[in-house]
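Add 85 to a position in the sequence shown, counting from 1, and you land on the number used in our numbering.
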Amino acid sequence: MKYILGLILLLPLLTFADDCGCKYPEACRDRGDGRTVCINSELGKGNAGDYCSGSPGGFCKYPLTCQDRGDKVNACTGGDAYQGKSADLCSGSSFFCDKSLTCKKDKEGISICQ
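So this is what it looks like as structure tokens:
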């Protein structure tokens with residue numbers, strides 16, 4: 086009886102733990118601000134601006150890294166020094182922007198090369 090009751094109590098939790106409707110190779114992950122989204126789960130495949138989760142490198146294509154884009158949302162950003170074009174994500178550091186640009190937050194709080 087305890088086991089049946091436990092299963093009944095766990096069933097709603099399992100329903101909410103779905104995969105956000107993601108299609109392989111994506112997986113449902115917290116994007117950094119508490120909202121879950123589909124994130125590519127293949128190592129080294131994430132492009133600039135793609136959502137990522139957790140590890141600094143991992144899912145992002147080299148030389149991009151998974152960083153807070155300035156608004157508590159993790160995205161593949163950065164890359165080689167001084168290569169960022171206008172509107173590229175820069176994660177709060179002008180190091181990633183072309184030398185004629187600086188890294189500043191836009192009106193949504195996202196750090197981009199401007």
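Yeah, the Cβ is synthetic: ideal placement off N, Cα and C, and Gly gets one too.
Quantities reported herein were computed from a predicted structural model and do not represent experimental measurements.
What number of angstroms, rounded off, separates the C-alpha of residue i from the C-alpha of residue j?
i	j	result
Ala112	Glu127	10 Å
Arg120	Gly129	23 Å
Tyr167	Cys123	30 Å
Ser179	Leu186	7 Å
Lys184	Leu174	15 Å
Gly237	Cys105	Summary: the structure shown does not reach residue 237, with the chain confined to residues 86 through 199, and so no result is reported for it.
Within the same chain, show all residues whose beta-carbon is closer than 7 Å to that of residue i, passing over the 5 residues directly before and after it, in chain order.
i	result
Asn132	Lys146, Cys161
Cys107	Cys113, Cys123
Asp165	Pro148
Once the 5 residues before and after residue i are set aside, which same chain residues still bring their CB inside 6 Å of it?
i	result
Asp156	Gly194, Ile195
Val158	Arg116, Gly117, Asp118
Gln152	Thr162, Ser176
Under a Cβ-count criterion, where at least 16 other Cβ atoms within 10 Å of its own Cβ denotes burial, should residue i be classed as buried or exposed?
i	result
Gly117	buried
Ser171	exposed
Tyr136	buried
Cys188	buried
Cys182	buried
Which class does residue i belong to by DSSP, given the choice of helix, strand or coil?
i	result
Ser171	coil
Ser196	strand
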